[in-house]
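A.B. asks: What the sequence shown shows, in my numbering, is residues 21 to 404, in sequence order.
Each residue gets a CB set at the ideal place from its N, CA and C atoms; glycine is no exception.
Got a structure for you, written out below as structure tokens; questions coming shortly.
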Amino acid sequence: MKPKQPDSTSYHPTTSAPIEFQHTWRAVLVNPRNIGPAFPFRLPELVSNRHPIPYLEFRARCDPPRDIGNPGDIWLNVSPAACALFALSVDREWVRWPGATLDAGRMVPHPYLPLYALWCTIRRSGWYHRDKLPADWTDQRIAARRELGGYDVAADMADAAVGVRLVLLWEESGGAESDAVEAQLEGALGQLSATDNAGALVVSLGSGIDYLLAERMKLARGFFAAEERAAVAEQKLGEVSESARSISEYLATERTSLTSALAAAEGRAAAAEAKVAAAEEKLGAAEERVRALSQAKPEFTSTPARQTSGGLTLTATHLALLYRDASCDPDGGAKNCRICLTAVLPALLFAHALGAHPAECAVLAGAPTYVLEAHIAEFRELDR
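This is how it looks when you write it as structure tokens:
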């Protein structure tokens, strides 16, 4: 036996999404011959020779979550800035209605009743027989939609969001009560038709009612437009707030980066100051050493060969070569000069000799600083 279709007694919709929604049980009256054998549920009892197939109409200011509803249920997003209509398929996927279209390939069919499709009339959204949809898209019906929504272009009526807005606007204008009002009006007119002045009274009463309905629809349109503007303003305010938040976060990040860079720069400056102080201390020590050396009067004599700390051998020949008088070589072959002869500081001697006589002083050429300092120390020993 087939199961019973979910209805108000067996299904109470809930969702894990943090949203607020409303739901209303509705039914589409279906001729038994339009229900195929593949219909998965027990058919309810006939009502006026039709089976009432139940479904839920959800309403919320957002698109539908995935964990709510049964196949055949519909969902209206009534947010003024994002009106939309959805239907739940047998795969439990919410399918968006593309708008008023008579193209069978674009229609959204009922999951169990292929002859029925999702549609928005000027009064209600729901499931309608496909063969009856063209009658709801005549010039007269389009004109009614344009008048209700205040649209100038007829093509706008095919937009899905417009279809949902028109349903909401109809309800705001009191259209949901129009059937009962019309019935009462017809009864009153029937009673008035028996009086002598019935014709004039009917005309006056009809004009007054038409005027009131027109004014009510204008007010409803104004309210709906104001709600749309408020929604747009809220959206812009949210965008501005988000931009302000982003700017604040950026400034905070930049402030942190600048603070870190400043701290690093201060650290490097302190290190540089320490290096400068150390260099000044070394310079002072060097000046003291130069002053001490300047007081010495080196008188080099022939000495035996001595092994220096740099691994070089200094002999009397080297010293004689460095201090040879230029007058001993009339041909100018000697590379020494008076500077070499008059130098009193070993440091100045070596600095000049290495630069002016590289060939004769090959034993000293290319020697590192610590080797030269060792030579200076040795010459000072020779001076004693």
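#1: Give me, in chain order, the residues of the same chain whose beta-carbon lies closer than 7 Å to that of S28; leave out the 5 immediate sequence neighbours on both sides.
#2: Take every Cβ of the region 178-187, pair it with every Cβ of the region 93-112, and state whether three or more of those distances are shorter than 8 Å.
#3: When you compare each of R86, A47 and P74 to S36 by their alpha carbons, which one comes out closest?
#4: Taking C-beta to C-beta, are S145 and E77 nearer than 9 Å?
#5: Does N54 come out as helix, strand or coil in the three-state DSSP assignment?
#6: Out of curiosity, what's the CA-to-CA distance linking A253 and A80?
#7: Of all the options A124, L105, W114 and D83, which has the alpha carbon lying nearest to the alpha carbon of T141?
#8: Mind checking whether S190 and R143 have CB atoms under 9 Å apart?
#9: In angstroms, rounded to a whole number, what distance separates the CA positions of K256 and S263?
#10: Using DSSP bridges, identify the partner residues of F78.
#11: Take the Cβ of A137 as the centre, count every other Cβ of all protein chains shown within 10 Å, and call the residue buried at 16 or more, exposed below.
#12: Please identify the residue among H32, A47 and V48 whose C-alpha is closest to the C-alpha of F41.
#13: Run through DSSP, which three-state label would I162 get?
#14: By DSSP, does S145 sit in helix, in strand, or in coil?
#15: Under a three-way DSSP split, which group does R116 fall into?
#16: So, do the region 162-171 and the region 147-154 have three or more beta carbon pairs nearer to each other than 8 Å?
#17: S68 and P91 look like a contact to me (Cβ under 8 Å); what is the Cβ gap, rounded to whole Å?
#18: Any idea if S193 is buried or exposed, counting beta-carbon neighbours within 10 angstroms, 16 or more meaning buried?
#19: Mapping DSSP to helix, strand and coil, what is L282?
C.D. replies: With the structure as the only source:
#1: Counted from its first residue, the sequence shown places residue 28 at position 8. For S28, where only same-chain residues beyond five positions count, the Cβ hits under 7 Å are W45.
#2: Remark: three or more beta-carbon pairs, one from each stretch, lie closer than 8 Å, so the region 178-187 and the region 93-112 are flagged as touching.
#3: Along the sequence shown, read from residue 1 onward, the residue named residue 36 stands at position 16. Looking at R86, A47 and P74, the one whose alpha-carbon comes closest to that of S36 is R86.
#4: For the purposes of this step, residue 145 is taken as residue 125 along the sequence shown, with counting starting at 1. For the purposes of this step, residue 77 is taken as residue 57 along the sequence shown, with counting starting at 1. E77 is positioned such that its CB atom lies closer than 9 Å to that of S145.
#5: Stepping through the sequence shown from its first residue, residue 54 is reached at position 34. Helix, per DSSP.
#6: Residue mapping note: residue 253 aligns to position 233 of the sequence shown, counting from 1. Residue mapping note: residue 80 aligns to position 60 of the sequence shown, counting from 1. Roughly 20 Å between the two C-alpha positions.
#7: Position 121 of the sequence shown, counted from the start, is the residue given in the question as residue 141. Out of A124, L105, W114 and D83, L105 has the C-alpha closest to the C-alpha of T141.
#8: Counting from one through the sequence shown, the residue named residue 190 turns up at place 170. Counting from one through the sequence shown, the residue named residue 143 turns up at place 123. Reading the sequence as shown, one finds Trp at residue 190 and not Ser. Yes.
#9: Here the question's residue 256 lines up with position 236 in the sequence shown. Here the question's residue 263 lines up with position 243 in the sequence shown. Taking C-alpha positions only, K256 is separated from S263 by approximately 10 Å.
#10: As a position in the sequence shown, residue 78 is number 58, starting the count at 1. Paired residue(s): H43 and W95.
#11: Looking up residue 137 in the sequence shown gives position 117. Around the CB of A137, 16 or more other CB atoms lie within 10 Å, so the residue is classed as buried.
#12: Position 21 of the sequence shown, counted from the first residue, corresponds to residue 41. Of H32, A47 and V48, the smallest CA-CA separation from F41 is found for H32.
#13: The sequence position of residue 162 within the sequence shown is 142, counting from 1. The answer is helix: DSSP assigns I162 an H, G or I state.
#14: Numbered from 1 along the sequence shown, position 125 holds the residue referred to as residue 145. In the three-state scheme derived from DSSP, where H, G and I count as helix and E and B as strand, S145 is classed as strand.
#15: Looking up residue 116 in the sequence shown gives position 96. Note: R116 maps to strand in three-state DSSP.
#16: No, the region 162-171 is not in contact with the region 147-154.
#17: Residue mapping note: residue 68 aligns to position 48 of the sequence shown, counting from 1. Residue mapping note: residue 91 aligns to position 71 of the sequence shown, counting from 1. In this structure, S68 and P91 do not form a Cβ contact; the two beta carbons are roughly 25 Å apart against a cut-off of 8 Å.
#18: Mapped onto the sequence shown, residue 193 falls at position 173. Buried.
#19: Within the sequence shown, residue 282 is the residue found at index 262, counting from 1. If DSSP states are grouped into helix, strand and coil, L282 belongs with the helices.
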